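Enquirer:
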C-alpha cells in the first residue's frame, strides 16, 4: 500500500544531522499510522535545494507531497488535523500557516478535526494568486502529486528562490485550492544562521538569482498565456510578476547594490517590459509603491 503523504526533506552531507533528527522526530510524533506517510531525505550531487526537491519528488509515492526544510519542524498534530480535509475535499493544494520560533519549541496543542479547521476554498490557485499577497515559500503546502506530474511542475535546480518560481507555477496550474490560517509549520529563525550572514559574493549570487527567476517567470507567462488573454490565469500571473518585480527592487538594497548598479538593473527591467509597473488596484501597498518606482524610472532611467 502506498503512503498517503510523502514528506520531502532536502539534506546535504555538511548539514547538521542533529537538526535533521529534530525535524524527523517532529514528523514521527504526529501520531500518523505506520505506512500512511513516508519521509524522503532528498539529496543532490550539486547540493542545490531545487535539485534535491526534484529528486525527492521523483521518489515520492504519496498522493500528497509536503516539503519540510531540515532546520524546521512540523507543529504537533499538523498532519492529523489536515488529513480529513485532504481526504474529503481532495484539493490540488492545501495551504496552511506557520509560526517563527528561535528558542523553545511550541508546546503540544489540541488537534482540530475537519469540521473545526477554518478554511477558505478557491476554485483554483489562480483565483487565490490574483486576490492575495503571500510569501513564495514552499513549506506550508500539501500538493497533490498527480497534478504536479501531469503539468510537469518542478524546481529550477538552484538554492536561491527556487520556491518562488515553483509556487507561482503550482498555483497557475492548480484546480481547487484550500487555504487555512491553521498554523502547522514551525519555521526556525536564527539571526546567526548562515541564511542571515553573507559575503559580497553571496549578495551578488542572490540578487542575480532573483533576476533570473523573475525572467524565467516572464518567459513562462509568454509561453503559457496568450498576449491578449484576460482570463484569470493571465491576470493572476501578471499580478505575481508585478509584485516580484517590486520585491526584486527591494532585494537590490537588501543585497547592498550601489545606486549605479540599481540604475543599471532598473534599465534592464525597463528594456524587458517589467517597468513601468501598471496602474492596478492590487492592494494599498502596491498603489503606494508602484507610482514611486515609476516616477524614479521616468526621471532617472
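Numbering (my numbering), first residue to last: 210 to 510.
The C-beta atom is built at its ideal place from N, Cα and C for all residues, glycine as well.
No experiment lies behind these values; they were computed from the predicted model shown.
1) Around the C-beta of residue 401, are 16 or more other C-beta atoms found within 10 angstroms, so that it is buried, or is it exposed?
2) Once you ignore the five residues that flank residue 326 on each side, which residues in its own chain have a CB closer than 7 Å to its CB?
3) Taking its Cβ as the centre, do 16 or more other Cβ atoms sit within 10 Å of residue 298, making it buried, or is it exposed?
4) Would you check if the region 231–250 and the region 279–289 touch, i.e. whether three or more CB-CB distances between them fall below 8 Å?
5) Check each candidate in 393, 217, 239, 364 and name the one with the smallest Cα separation from residue 304.
6) So the alpha helix (DSSP H) residue 495 belongs to, where does it begin and stop?
7) Roughly how far, in whole angstroms, is the beta-carbon of residue 345 from the beta-carbon of residue 302, given that I think they are within contact range, below 8 Å?
8) When the Cα atoms are used, what is the spatial distance from residue 355 to residue 272?
9) Please report how far the alpha carbon of residue 385 lies from the alpha carbon of residue 274, in whole angstroms.
10) Per the contact definition of three or more C-beta pairs closer than 8 Å, is the region 263–272 in contact with the region 327–343?
11) Starting from residue 330, trace the beta strand (DSSP E) both ways and give me its first and last residue.
12) Mapping DSSP to helix, strand and coil, what is residue 466?
13) Using alpha carbons as the reference points, say which of 349, 358, 497, 457 lies closest to residue 209.
14) Between 267, 296, 246, which has its C-alpha nearest residue 252's C-alpha?
15) Output the distance between the C-alpha atoms of residue 239 and residue 249, rounded to the nearest integer angstrom.
16) Distance check for residue 441 and residue 363, CA to CA, integer angstroms please.
17) List the whole-angstrom C-beta distance separating residue 387 from residue 426, where the pair is believed to meet the contact cut-off of C-beta under 8 Å.
18) Grab me the residues of residue 507's own chain with a C-beta within less than 8 Å of its C-beta, minus the 5 sequence neighbours each way, in chain order.
19) Is it true that the CB of residue 247 sits closer than 9 Å to the CB of residue 212?
20) Within the continuous beta strand (DSSP E) that includes residue 251, where are the two ends?
21) To which residues does DSSP link residue 218 through a beta bridge?
22) Sort 412, 310, 465 by Cα distance to residue 283 and report the nearest one.
23) In the structure shown, what three-state DSSP assignment does residue 287 receive?
24) Return the CA-CA distance between residue 352 and residue 370, expressed in angstroms with no decimal places.
25) Hey, residue 420 and residue 463: beta-carbon distance below 9 Å or not?
26) Can you tell me where the alpha helix (DSSP H) holding residue 429 begins and where it ends?
27) Does DSSP put residue 303 in a helix, in a strand, or in coil?
28) Please state if the CB of residue 444 and the CB of residue 335 are separated by a distance shorter than 9 Å.
Expert: Well, looking at it:
1) What you label residue 401 is simply residue 192 of the chain shown in a count that begins at 1. Note on residue 401: pLDDT 48, under 50, position unreliable in the model; no value is reported.
2) Numbered from its first residue, the chain shown carries residue 326 at position 117. Shown here for residue 326: same chain residues with a beta carbon closer than 7 Å to its own, the five before and five after excluded, namely 290, 294, 389, 391 in chain order.
3) By 1-based counting over the chain shown, the position of residue 298 is 89. With fewer than 16 Cβ atoms within 10 Å of its Cβ, residue 298 is classed as exposed.
4) yes
5) The residue you call residue 304 lines up with position 95 of the chain shown. From the listed residues 393, 217, 239, 364, the smallest Cα separation to residue 304 is found for 393.
6) Walking along the chain shown from the start, residue 495 turns up at place 286. Per DSSP, residue 495 belongs to the alpha helix (DSSP H) from 493–509.
7) Within the chain shown, numbered from 1, the residue matching residue 345 stands at position 136. Within the chain shown, numbered from 1, the residue matching residue 302 stands at position 93. That belief does not hold up - the Cβ atoms of residue 345 and residue 302 are roughly 14 Å apart, past 8 Å.
8) Indexing the chain shown from 1 puts residue 355 at position 146. Indexing the chain shown from 1 puts residue 272 at position 63. If you take the alpha carbons of residue 355 and residue 272, they lie about 7 Å apart.
9) For the purposes of this step, residue 385 is taken as residue 176 along the chain shown, with counting starting at 1. For the purposes of this step, residue 274 is taken as residue 65 along the chain shown, with counting starting at 1. One C-alpha to the other measures close to 16 Å.
10) no
11) Against the chain shown, residue 330 aligns to sequence position 121. Judged by DSSP secondary structure, residue 330 falls within the beta strand (DSSP E) whose first and last residues are 329–331.
12) One-based indexing of the chain shown puts residue 466 at position 257. In the structure shown, residue 466 adopts coil according to DSSP, grouped into three states.
13) A question about residue 209 goes unanswered here, because the residues of the chain that appear run from 210 up to 510.
14) The residue you call residue 252 lines up with position 43 of the chain shown. Closest by alpha carbon: 267.
15) The count along the chain shown starts at 1 and reaches residue 239 at position 30. The count along the chain shown starts at 1 and reaches residue 249 at position 40. Taken atom to atom, the span from the alpha-carbon of residue 239 to that of residue 249 is near 16 Å.
16) To locate residue 363, count along the chain shown from 1; it is residue 154. To locate residue 441, count along the chain shown from 1; it is residue 232. Spanning the two alpha carbons is a distance of roughly 22 Å.
17) Reading the chain shown from its first residue, position 178 is the one you call residue 387. Reading the chain shown from its first residue, position 217 is the one you call residue 426. The Cβ separation is near 24 Å, so there is no contact.
18) Position 298 of the chain shown, counted from the start, is the residue given in the question as residue 507. So the qualifying residues of the chain are 485.
19) Start at 1 with the first residue of the chain shown, and residue 212 comes out as number 3. Start at 1 with the first residue of the chain shown, and residue 247 comes out as number 38. Closer than 9 Å, so yes.
20) Counting from one through the chain shown, the residue named residue 251 turns up at place 42. Counting along the chain, the beta strand (DSSP E) containing residue 251 begins and ends at 246–251.
21) Taking the chain shown and counting its residues from 1, one reaches residue 218 at position 9. Looking at the DSSP assignment, residue 218 forms a beta bridge with 250.
22) Counting from 1 along the chain shown, the entry for residue 283 is found at position 74. For the residues 412, 310, 465, the minimum Cα distance to residue 283 belongs to 310.
23) As a working mapping, residue 287 is identified with position 78 in the chain shown. In the structure shown, the three-state DSSP call for residue 287 is helix.
24) For the purposes of this step, residue 352 is identified with residue 143 of the chain shown, where counting begins at 1. For the purposes of this step, residue 370 is identified with residue 161 of the chain shown, where counting begins at 1. Rounded to the nearest angstrom, the two C-alpha atoms are 18 Å apart.
25) Residue mapping note: residue 420 aligns to position 211 of the chain shown, counting from 1. Residue mapping note: residue 463 aligns to position 254 of the chain shown, counting from 1. Taking 9 Å as the Cβ cut-off, residue 420 and residue 463 do not qualify as a contacting pair.
26) Taking the first residue of the chain shown as position 1, residue 429 is located at position 220. Where residue 429 is concerned, the enclosing alpha helix (DSSP H) stretches over 409–433.
27) What you label residue 303 is simply residue 94 of the chain shown in a count that begins at 1. Residue 303: strand per DSSP, three-state reduction.
28) Looking up residue 335 in the chain shown gives position 126. Looking up residue 444 in the chain shown gives position 235. Against a cut-off of 9 Å, the Cβ pair of residue 444 and residue 335 comes out as a contact.
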